[in-house]
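A.B. asks: Protein sequences, first through last, are from chains A and B.
Start counting the first sequence at 1; every next residue gets the next number (UniProt numbering).
Start counting the second sequence at 1; every next residue gets the next number (UniProt numbering).
For every residue, glycine included, the Cβ atom is placed at its ideal position computed from N, Cα and C.
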Amino acid sequence: MTIIQATSNAPMRFPRLAQPFIALFLAVLAEVGIAFFVLNVVAVPLIAVWVGIPLLLAFVPCTRWFANCHRTMFAGITGEQIPRPYKKPPLPGILMWLRTTLTDPATWRDVAWLLVNAVVGFTLTLLSAVLFLATAFYLVYPLLVGVTPAGVFDRPFGGLVTLNFWESFAMTPLGLLAFLIWYSVGERLLKADAYLGRSLLGPTESAKLAIRVRELADSRAETVDTQAAELRRIERDLHDGAQARLAALSMNLGMAEEMVSRDPAQAAALLTEARESASTALSELRDLVRGIHPPVLADRGLEGAVKALALSCPFKVDVTIELPGRPPAPVESAAYFAVAEALANIVKHSAATTAWIQITHERERLHILVGDDGVGGATVRPGGGLYGIERRLNAFDGTLTVASPTGGPTTVIMELPCESSSLKITPSSGTA
Amino acid sequence: MRVVIAEDHALLRDGLIRLLEAHDFEVVEAVDNGPRLVPALVEHRPDVAVVDVRLPPTFTDEGLKSAIEARRQVPGLPILVLSQYVEQLYARELLTGGGGAVGYLLKDRVSNVADFLDSVRRVAGGGTAMDPDVIGQLLARNTRDEPISRLTPRESEVLGLMAEGRSNAAIAAALFVTEKAVSKHTNNIFAKLDLPPSEDDNRRVMAVLTYLSSR
Chain A
1 MTIIQATSNA
11 PMRFPRLAQP
21 FIALFLAVLA
31 EVGIAFFVLN
41 VVAVPLIAVW
51 VGIPLLLAFV
61 PCTRWFANCH
71 RTMFAGITGE
81 QIPRPYKKPP
91 LPGILMWLRT
101 TLTDPATWRD
111 VAWLLVNAVV
121 GFTLTLLSAV
131 LFLATAFYLV
141 YPLLVGVTPA
151 GVFDRPFGGL
161 VTLNFWESFA
171 MTPLGLLAFL
181 IWYSVGERLL
191 KADAYLGRSL
201 LGPTESAKLA
211 IRVRELADSR
221 AETVDTQAAE
231 LRRIERDLHD
241 GAQARLAALS
251 MNLGMAEEMV
261 SRDPAQAAAL
271 LTEARESAST
281 ALSELRDLVR
291 GIHPPVLADR
301 GLEGAVKALA
311 LSCPFKVDVT
321 IELPGRPPAP
331 VESAAYFAVA
341 EALANIVKHS
351 AATTAWIQIT
361 HERERLHILV
371 GDDGVGGATV
381 RPGGGLYGIE
391 RRLNAFDGTL
401 TVASPTGGPT
411 TVIMELPCES
421 SSLKITPSSG
431 TA
Chain B
1 MRVVIAEDHA
11 LLRDGLIRLL
21 EAHDFEVVEA
31 VDNGPRLVPA
41 LVEHRPDVAV
51 VDVRLPPTFT
61 DEGLKSAIEA
71 RRQVPGLPIL
81 VLSQYVEQLY
91 ARELLTGGGG
101 AVGYLLKDRV
111 SNVADFLDSV
121 RRVAGGGTAM
131 DPDVIGQLLA
141 RNTRDEPISR
151 LTPRESEVLG
161 LMAEGRSNAA
171 IAAALFVTEK
181 AVSKHTNNIF
191 AKLDLPPSED
201 DNRRVMAVLT
211 YLSSR
């Protein structure tokens, strides 16, 4: 994509009249950047005589701060965030930091940008600003000629011609011309500068991949841990619960079978015990199944399951769900358990009298909001319920945000990527 | 009494048939999937239908949907729904689909034969049979601004048993009080839930229904 193509889309965040001043400001900063460039370039060879180390320790953070300011400004101009591409040192310590910093391509890209920005960026932004200033200048030119003494403004072409007040009106079309040029290209020049900065200040493809790989590795490790813990829990519950009860049941039945002719009364008692044992085993299995995948979720999807959850809450819960279909089973399940956990938190900690749940699908994401009118003060801390939800959602690249001032109300905002194409359209139940 | 059974699991289906036939019920048809259930019910118009919630082909809530559909075609058709688990949501859908003559029980309740048969007969007789789990969930709600909050603990207890579908005599026996005391409680409950006196026996069902549908 060329710079010109890239500049044609995405609306500017700043009002048009502010642009010349931003451009001027950026042009000044571009020249200030030269100082940062020189300091860095001088400091590196000085490492050989050790002086370079303290210099770099001072200059690199300054450069990064300077670059970060530009990242924020460019994001304002192009409307797209520029991620910070810097590597974090794997271990603490000054030398480790220095090593990571010096081998980090982002450091050198910053320096390269300082140079390019001082030349190309400066030209682009200055041009944008000057076009606007020329507009203003030539439009008020006759006035300037009129109010200033002769010889100050009346020789626009370096003394070739001298204009009087009336003749100076011949220059105003130049102002209109400058305005037209500024109007058509001023914004593009500024955007071109921003895209230039973006291409050097943003992470490279490989840096992006590295960041992504790190995130994925973390979330995979967490997912595997969670899954393993869950399997252990299921195994333990089955072993200690249903399995043991069924063994007792089978034993009781065997004894009753043997006893039925000799002592019918005793056999009947054993049978009653066996029946109770079977009932308990069933109810334990039921709870277990609910914990793995609630049947109502399988039956009715997210909408029905969340409504069922709301019904079993000890307070009033308003449910609004607008989904064009059923999300894929893993996403649906994650969303359901996230809502269930959020509701359980409200029941346990919030002292709320009402709660509300809103689930919508927008821009390829599932948006889930769970709010209550309780005491607030909810935070995400390791081991807590919200942390559990966050980890569950992380496995799907989802996010969790909590807004919970002390005194309430609390709102938990959850987002899960979910492409429209993966939503299954199911026939409506018609029974609700 | 004529019964239609819908249950996909062969062992359970045979068990149910054997159990009901041993107690003077006539099983006119036993189906093993959802699509066959509605025609069977509409054709035979049994005194009561015993239906599993989860049936083929979808293995979701096919049985429940078919039961509600059948009740739409044959109003008041007594249906007892059995399930591995109970959901208030389903209980509500059943009850609002034409009032009375429905039951919703956990499958394990079948193992207590006497209670189960009592439930089947109650539903066949136009009453209700709600699983104590459903009622328990209902009454456990912290319902500050709802009529149910005006009930005393004893009255909630009585409403719970009433909602399961029990008669005054049965409630009296369960709570170890006289039948007269129970009828006093039930009158108080009707008053507090704004159910005016009428000859309609279904006021008992209405008590649960108003509560369910007020949400």
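Give me the residue from A:Ala136, A:Ile234, A:Leu26, A:Asp225 with the minimum Cα distance to Leu124 (chain A).
C.D. replies: Leu124 (chain A) has its Cα closest to that of A:Leu26, out of A:Ala136, A:Ile234, A:Leu26, A:Asp225.
A.B. asks: Strictly by DSSP, which residues pair up with Met414 (chain A)?
C.D. replies: In the DSSP output, where bridge partners are listed per residue, Met414 (chain A) has A:Ile368, A:Leu400.
A.B. asks: May I ask you to report which of helix, strand or coil DSSP gives Gly103 (chain B)?
C.D. replies: Strand.
A.B. asks: Just to check my reading of the structure: Val120 (chain B) and Val50 (chain B) have Cβ atoms closer than 8 Å, yes? What is that Cβ distance to the nearest angstrom?
C.D. replies: Confirmed, Cβ separation roughly 7 Å.
A.B. asks: In the DSSP assignment, what are the bridge partners of Asp318 (chain A)?
C.D. replies: Asp318 (chain A) pairs with A:Trp356.
A.B. asks: For Gly325 (chain A), count neighbouring Cβ atoms within 10 angstroms of its own Cβ and tell me buried if that reaches 16, exposed if not.
C.D. replies: When all chains shown are included, Gly325 (chain A) counts as exposed.
A.B. asks: With 8 Å set as the bound, which would you pick, yes or no: does the beta-carbon of Gln137 (chain B) sit closer than that to a beta-carbon of chain A?
C.D. replies: Yes, contact with chain A.
A.B. asks: Locate the alpha helix (DSSP H) running through Arg64 (chain A), then write down its first and last residues.
C.D. replies: Looking at the DSSP string, the run of the alpha helix (DSSP H) that includes Arg64 (chain A) is 52-78.
A.B. asks: Under 9 Å Cβ-Cβ, which residues of chain B neighbour Val296 (chain A)?
C.D. replies: Within 9 Å Cβ-Cβ: Asp61, Tyr85, Glu87, Leu89, Tyr90.
A.B. asks: Taking 8 Å as the cut-off, does the stretch 110-121 of chain A touch the stretch 27-47 of chain A (at least 3 CB pairs, one atom from each stretch)?
C.D. replies: At 8 Å Cβ cutoff, the stretches touch.
A.B. asks: By alpha-carbon positions, which one of A:Cys69, A:Arg16, A:His349, A:Met259 ends up nearest to Ser184 (chain A)?
C.D. replies: Taking only the C-alpha atoms, the option nearest Ser184 (chain A) is A:Arg16.
A.B. asks: So what does DSSP say about Glu26 (chain B), is it helix, strand or coil?
C.D. replies: Glu26 (chain B) falls in the strand class under three-state DSSP.
A.B. asks: From the DSSP output, which residues share a beta bridge with Ile5 (chain B)?
C.D. replies: Paired residue(s): B:Ala30, B:Val50.
A.B. asks: Please confirm if Ser429 (chain A) has its CB atom under 8 Å from at least one CB of chain B.
C.D. replies: Note that Ser429 (chain A) has pLDDT 43, beneath the 50 cutoff, so the model's placement of it is unreliable and the number below is only indicative. Cβ-Cβ to chain B under 8 Å: yes for Ser429 (chain A).
A.B. asks: Strictly below 9 Å CB to CB, what residues from chain B border Leu282 (chain A)?
C.D. replies: Within chain B, the residues near Leu282 (chain A) are Gln84, Leu106, Lys107, Asp108, Ser111.
A.B. asks: State the DSSP-derived secondary structure class of Gln5 (chain A), mapped to helix, strand or coil.
C.D. replies: Any reading at Gln5 (chain A) is ruled out, since the residue's pLDDT is 40, under 50, leaving its predicted position unreliable.
A.B. asks: With hydrogens ignored, establish whether the beta-carbon of Pro89 (chain A) is closer than 7 Å to any heavy atom of the ligand GTP.
C.D. replies: The ligand GTP is not part of this structure, which contains no ligands at all.
A.B. asks: Look at the Cβ atom of Val48 (chain B), then the Cβ atom of Val113 (chain B), and state whether they are nearer than 8 Å.
C.D. replies: Not a contact, by the Cβ cut-off of 8 Å.
A.B. asks: Can you tell me which of A:Leu176, A:Ala75, A:Glu258, A:Asn394 puts its alpha carbon nearest to the alpha carbon of Val331 (chain A)?
C.D. replies: If we check each option's Cα against that of Val331 (chain A), A:Asn394 comes out closest.
A.B. asks: Taking C-beta to C-beta, are Gln137 (chain B) and Ser279 (chain A) nearer than 8 Å?
C.D. replies: It is not a contact, given that the beta carbons lie outside the stated cut-off.
A.B. asks: Would DSSP call Ile79 (chain B) helix, strand or coil?
C.D. replies: Strand, per DSSP.
A.B. asks: Whole angstroms is fine: what's the gap from Glu26 (chain B)'s alpha carbon to Val123 (chain B)'s?
C.D. replies: Looking at the two C-alpha atoms, the distance is approximately 16 Å.
A.B. asks: Given Val412 (chain A), which residues of its chain have a CB within under 6 Å of its CB, disregarding the five upstream and five downstream residues?
C.D. replies: For Val412 (chain A), where only same-chain residues beyond five positions count, the Cβ hits under 6 Å are Ala342, Val370, Val402.
A.B. asks: What does the alpha-carbon distance come out to for the pair Leu95 (chain B) and Ser83 (chain B)?
C.D. replies: Computed Cα separation, rounded: 16 Å.
A.B. asks: Are Leu37 (chain B) and Ala6 (chain B) close, meaning C-beta to C-beta below 8 Å?
C.D. replies: Yes, the pair counts as a contact, with Cβ atoms nearer than the cut-off.
A.B. asks: Between Gly325 (chain A) and chain B, is the shortest Cβ-Cβ distance under 8 Å, so that the two count as touching?
C.D. replies: Judged by the 8 Å Cβ criterion, Gly325 (chain A) is not in contact with chain B.
A.B. asks: Could you pull out every residue in the same chain whose Cβ sits closer than 7 Å to the Cβ of Ile135 (chain B), ignoring the five residues on either side in sequence?
C.D. replies: Excluding positions up to five away in sequence, the list reads Gly160, Ala163, Glu164.
A.B. asks: Out of curiosity, what's the CA-to-CA distance linking Tyr90 (chain B) and Tyr336 (chain A)?
C.D. replies: Each residue's alpha carbon lies about 18 Å from the other.
A.B. asks: Starting from Pro173 (chain A), trace the alpha helix (DSSP H) both ways and give me its first and last residue.
C.D. replies: Taken as a continuous stretch (DSSP letters only), the alpha helix (DSSP H) holding Pro173 (chain A) covers 172-201.
A.B. asks: Please classify Glu390 (chain A): does DSSP put it in a helix, a strand, or coil?
C.D. replies: The answer is helix: DSSP assigns Glu390 (chain A) an H, G or I state.
A.B. asks: Between residue 225 (chain B) and Pro132 (chain B), what straight-line distance do the alpha-carbon atoms span, to the nearest angstrom?
C.D. replies: Since the first residue of chain B shown is 1 and the last is 215, residue 225 (chain B) is not available in this structure.
A.B. asks: Any idea what DSSP makes of Thr431 (chain A), helix, strand or coil?
C.D. replies: For Thr431 (chain A), the predicted structure reports a pLDDT of 41, less than 50, and the residue's modelled location is therefore unreliable. The matter cannot be settled from this model.
A.B. asks: The alpha helix (DSSP H) spanning Arg150 (chain B) covers which residue range?
C.D. replies: First-last for Arg150 (chain B): undefined, no H or E at that position.
A.B. asks: So, at 6 Å on beta carbons, what are the nonlocal neighbours of Lys424 (chain A) in its own chain, with the 5 sequence-adjacent residues on each side left out?
C.D. replies: Correct list, in chain order: Gly325, Arg326.
A.B. asks: Ala129 (chain B) CB to nearest chain A CB: under 8 Å?
C.D. replies: False, the Cβ-Cβ gap to chain A never drops below 8 Å.
A.B. asks: The alpha helix (DSSP H) that contains Val324 (chain A), what's its start and end?
C.D. replies: According to the sequence displayed, residue 324 (chain A) carries Pro and not Val. That residue, Pro324 (chain A), is in no alpha helix (DSSP H); it is neither H nor E in DSSP.
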